[in-house]
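These notes concern the structure reproduced below.
In this note's numbering, the protein residues as written are 20 to 177.
Laid out in structure tokens, this is it:
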């Protein structure tokens with residue numbers, strides 16, 4: 020498992036090429052247009068509710084780069100599948116209009132079973148933004164010496 024709180028995972032061309040050349044399933048890539056690079060500095064009177072709001076502000080607060088390609092090319096890693104709910108999840112409420120599901124994950128276990136796992140090398144753990152990868156992906160990333168990633172073993176129920 021590749022724990023992340025990101026809504027969008029951005030990777031280098033090298034990562035994209037390794038995934039494609041090794042026929043990793045469950046993922047597509049889209050080129051990212053780089054306009055600005057910087058760090059969000061919240062205003063004193065601006066309440067940052069969560070990281071997603073801070074990320075949106077980053078776009079507005081950074082200056083345009085003169086040579087944005089020096090940081091790229093970069094690609095959005097689009098994960099196509101998600102597992103079923105892990106054990107211990109309780110659905111608290113479901114919005115009739117938009118379908119949003121509120122869950123109680125206090126008793127959630129980070130484990131998977133053959134009934135809940137899609138046939139893909141990479142997918143999201145439902146109800147979280149954890150990225151789950153096969154051993155094939157983990158070994159490939161370690162062999163390629165990619166940085167900025169860590170792995171956590173997931174329990175497996177038969």
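The C-beta atom is built at its ideal place from N, Cα and C for all residues, glycine as well.
Bridge partners for residue i per DSSP, in chain order?
i	result
residue 96	28, 48
residue 109	123
residue 179	This structure cannot speak to residue 179, because the chain is shown only from 20 to 177.
If you count every other CB in all the chains shown that lies within 10 Å of the CB of residue i, and 16 or more means buried, which is it?
i	result
residue 30	buried
residue 111	exposed
residue 172	exposed
residue 146	buried
residue 52	exposed
residue 156	buried
residue 97	exposed
residue 116	exposed
List the whole-angstrom C-beta distance separating residue i from residue j, where the pair is believed to meet the contact cut-off of C-beta under 8 Å.
i	j	result
residue 178	residue 165	Look at the range of the chain in this structure, 20 to 177, and you will see that residue 178 is not part of it.
Please determine if the region 98-116 and the region 32-41 are in contact, where contact requires at least 3 C-beta pairs separated by less than 8 Å.
Too few Cβ pairs lie closer than 8 Å, so no.
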